[in-house]
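There are 2 protein chains.
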Amino acid sequence: MNLLLLGPEDFRSAQLARIDGRRYRHLVEVLRAEPGRALRVGLLGGLLGEARVVAQTSEYIDLAVQLSETPPPPASITLLLALPRPKALRRIVQGITACGIKRLVLFNTARVDKSYWQSPLLEPAALHQQLLLGLEQARDTLLPEVLLRPRFRPFVEDDLPGLSANCLRIVAHPDSALPCPCNIAAPVTLAIGPEGGFIPFEIELLESQDFQAVHLGPRALRVETVVPALLGRLLKL
Amino acid sequence: MNLLLLGPEDFRSAQLARIDGRRYRHLVEVLRAEPGRALRVGLLGGLLGEARVVAQTSEYIDLAVQLSETPPPPASITLLLALPRPKALRRIVQGITACGIKRLVLFNTARVDKSYWQSPLLEPAALHQQLLLGLEQARDTLLPEVLLRPRFRPFVEDDLPGLSANCLRIVAHPDSALPCPCNIAAPVTLAIGPEGGFIPFEIELLESQDFQAVHLGPRALRVETVVPALLGRLLKL
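So the protein sequences, as listed, match chains F and C.
Position one of the first sequence corresponds to residue 4 (our numbering), numbered consecutively onward.
Position one of the second sequence corresponds to residue 4 (our numbering), numbered consecutively onward.
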């Protein structure tokens, strides 16, 4: 936890927040918080700043909070990701959030195992928890929007034009002859398929929506590797 | 397993290999191998090709092997990585191998927990197993070399000049004002610190060896995310 995220409900007055539960235990047991100690904090959806421990009991900590800095700028990338296997989903969602992605669409394809859509990790509260962990990691306060699209064709035909308006549209596809570009200043909508790849019909449908297929070299990579590799490549620094 | 890796000891004649043990069970239980079935194979350190199941018992499978293709070209990046926590090491070593890195140096810094050096994952047989899994993932046959350097200063002063000769030398450091470059055709030696970052003395020592500090944006990322992000960015496609 590189950042303690606060919500409006934590505040007892304009600059005094009270923390209990999971965050209290983390503060005491891992970060060794004690009266006088300063912590980096952020208001969910708002500013970053510093807090000082002003009181501590066996159940809660009171913090004097000063919020002053804006969170880091979002990555201007919308990520469309074929739903990964549940074992990988948690880490991937955290990593994507930490990278500054503010819109993530998890969608279905022919090679996504149907059982993946039953994962309890897709429930809103479980996803929210992973998003918070990603924000805490990256010292950010702005929650990404996560959309679930369990039907490929309506997603591409009906949602994608709006989701990718005014964006460079690219789809990662190992068979493409075009290398993935890098350091892109324009907004990007990036589509990444399942580990078995898109089927030809899916690539054709994406191409009909002006998505350009690009490759990241000749190697078959796990989705945990390919997602940060493509984001790191596309990111405008 | 996207590739079945064979060793010279698997061959009973020039083109006939016999597979038992872990790989036999994977072939039968996961890949549903049966007589007549074709598989992608590679000879460790050698060529890629195809094999056909010509006999199957309850203990082994015999394969008729045709090797003809060269493995994918190596990434021309030497990766110097502060030893990660053991929980992350396994996935990171697999991912680095899959990305085509052929020389990985795991080194110590002030913010690497000393206990990490006791991890059983650092034993040669355990590391070798992770390297094989990375090669199988990426359909490659060329094992990376892995060097362990538990003392920072002798590593930087004595080993680094040779390891980074004729390379672009860069070190990932969030405080740098210089963005990480991308799509680099020249050989690169890339140094990545621990999650807490390098201490100033360490950055100065690396800079004294002509390493240039670069950043990947304002966000604090986990090592599992930052390693593929930097590799994906630097890779020449």
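Glycine residues also receive a C-beta, built at the ideal position from the N, C-alpha and C atoms.
The structure displayed is predicted, hence computed values, not measured ones.
Straight-line CA distance for residue i to residue j?
i, j, result
"C:P11", "C:A168", "34 Å"
"F:C170", "F:P190", "5 Å"
"C:R94", "C:T228", "11 Å"
"F:R222", "C:A101", "7 Å"
"C:A36", "C:P89", "34 Å"
"F:F155", "F:L109", "10 Å"
"C:I206", "C:A194", "10 Å"
"F:R114", "F:E198", "8 Å"
"C:P231", "C:P87", "14 Å"
"F:L136", "C:L50", "43 Å"
"F:P153", "F:W120", "8 Å"
"F:V68", "F:E53", "6 Å"
"C:Y63", "C:P123", "30 Å"
"C:A20", "C:N186", "40 Å"
Quick one: which chain F residues come within Cβ less than 8 Å of residue i?
i, result
"C:D143", "R222"
"C:G103", "G220 and R222"
"C:G165", "Under the 8 Å cutoff, chain F gives no residues; its nearest Cβ is about 27 Å from C:G165."
Show which residues of chain C have a CB atom less than 7 Å away from the CB atom of residue i.
i, result
"F:N186", "C185"
Taking the beta carbon of residue i as the centre, do at least 16 other beta carbons fall within 10 Å, making it buried, or is it exposed?
i, result
"C:V33", "exposed"
"F:Q97", "buried"
"F:G24", "exposed"
"F:P147", "buried"
"C:D143", "buried"
"F:A188", "exposed"
"F:A17", "exposed"
"F:F204", "exposed"
"C:R225", "buried"
"F:E139", "buried"
"F:R236", "buried"
"F:L181", "exposed"
"C:S71", "exposed"
"C:S79", "buried"
"F:H131", "exposed"
List the residues of chain F that residue i touches, going by C-beta distances under 7 Å, in chain order.
i, result
"C:Q215", "By Cβ distance, chain F contributes nothing, its closest Cβ being about 14 Å from C:Q215, past 7 Å."
"C:E160", "Here the premise fails: no neighbours, minimum Cβ distance about 30 Å."
"C:N5", "A223"
Going along chain C in order, which residues have a C-beta closer than 8 Å to the C-beta of residue i?
i, result
"F:E207", "Within chain C, no residue comes near F:E207; the closest Cβ sits about 23 Å away, beyond 8 Å."
So which residues on chain C does residue i lean against when the C-beta distance must stay under 9 Å?
i, result
"F:R15", "What F:R15 touches in chain C: nothing, since even the nearest Cβ is about 29 Å away."
"F:Q140", "R222, A223, L224, R225 and T228"
"F:G199", "Going along chain C, no residue has its Cβ under 9 Å from F:G199, so there is no contact; the nearest lies around 10 Å."
If you measure from the CB of residue i, is any heavy atom of the ligand ADP nearer than 7 Å?
i, result
"C:V44", "The ligand content of the structure shown is nil, which means the ligand ADP is not present either."
| Residues in the region 229-240 of chain F having any Cβ partner in chain C nearer than 7 Å | P231, A232, L233, L234, G235, R236, L238 and L240
| message | Can you pull out the residues from the region 38-66 of chain C whose beta carbon lies closer than 7 Å to at least one beta carbon of chain F? | response | none
| Can you list the alpha helix (DSSP H) stretches of 4 or more residues lying completely in the region 83-125 of chain F, in chain order? | 89-101
| query | If contact means a Cβ-Cβ distance below 7 Å, which residues of the region 69-87 of chain F contact chain C? | reply | P75
| message | By the 8 Å beta-carbon criterion, what residues does the region 170-184 of chain C contribute toward chain F? | response | P182 and C183
| request: Could you pull out every unbroken beta strand (DSSP E) segment of at least 3 residues lying fully inside the region 139-208 of chain F, listed in chain order? | output: 148-152, 171-175 and 191-195
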